[in-house]
Amino acid sequence: MTTIDWNNTTPIDPADLPAVITRHIAAHHAHDIDAEMACFGQGATVTDDGQTYTGTAEIRAWLGRATSEYSYTIEVAGASRADVLHYDVVQRLEGDFPGGTVDLHYRFTLADGSTVVDLQIGV
Numbered sequence: 001m002t003t004i005d006w007n008n009t010t011p012i013d014p015a016d017l018p019a020v021i022t023r024h025i026a027a028h029h030a031h032d033i034d035a036e037m038a039c040f041g042q043g044a045t046v047t048d049d050g051q052t053y054t055g056t057a058e059i060r061a062w063l064g065r066a067t068s069e070y071s072y073t074i075e076v077a078g079a080s081r082a083d084v085l086h087y088d089v090v091q092r093l094e095g096d097f098p099g100g101t102v103d104l105h106y107r108f109t110l111a112d113g114s115t116v117v118d119l120q121i122g123v
């Protein structure tokens, strides 16, 4: 597995993100779990808040909790590219969670440009 240096990426316009990431972001913002799940490949993993979720059932359960635990708005604050399969999207969340505002990095690994196989979420 290739190690990505997320501190050495090239800034890009969010409009230039691959279509699967754009679909994922739109579905996430709309709290559309089915549309968001359609972006993940077989055996995908998501790591959020130090916890890793693997496969469809675990990711779907995580999404259900993530969308119902707090009320928040999301806006894309920036994007960058490490290479053709690795993208970092900074999203600003504002809501009723502790701290009220946070910029989170959504670091996507794509399998073939059309499916997300790994998503790492963190500050």
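Numbers 1 to 123, taken from full-length UniProt numbering, label the letters of the sequence shown in order.
A virtual CB, placed ideally from N, CA and C, is assigned to each residue, including glycine.
Problem - Beta carbon of glutamate 58 nearer than 7 angstroms to that of threonine 73 - result: no
Problem - For isoleucine 25 and leucine 85, the rounded distance between their alpha carbons - result: The C-alpha of leucine 85 lies about 16 angstroms from the C-alpha of isoleucine 25.
Practice task
Sort Arg81, Pro98, Asp34, Tyr53 by Cα distance to aspartate 118 and report the nearest one.
Solution key: Among Arg81, Pro98, Asp34, Tyr53, the Cα nearest to that of aspartate 118 is on Tyr53.
Practice task
Within 10 angstroms of the Cβ of aspartate 88, are there 16 or more other Cβ atoms? Answer buried if so, exposed if not.
Solution key: buried
Exercise for the section: Please list, in chain order, all residues of the same chain as glycine 43 whose beta carbon is under 8 angstroms from its beta carbon, the five residues on each side excluded. Expected result: The answer, listed in chain order, is Thr54, Gly55, Val117.
Practice task
State the CB to CB distance for the pair isoleucine 33 and arginine 65, rounded to an integer number of angstroms; the pair is presumed to be in contact (CB under 8 angstroms).
Solution key: Rounded, the Cβ-Cβ distance is 11 angstroms, inconsistent with contact.
Practice task
Taking arginine 92 as the reference, give the member of Gly78, Val20, Gln51 with the closest Cα.
Solution key: Gly78
Exercise for the section: Let me know if glutamate 36 comes out buried or exposed under the rule of 16 or more other beta-carbons within 10 Å of its beta-carbon. Expected result: By the Cβ neighbour-count rule, glutamate 36 is buried, with 16 or more other Cβ atoms within 10 Å of its own.
Practice task
Answer with buried or exposed for serine 68, where buried requires no fewer than 16 other C-beta atoms within 10 angstroms of its C-beta.
Solution key: exposed
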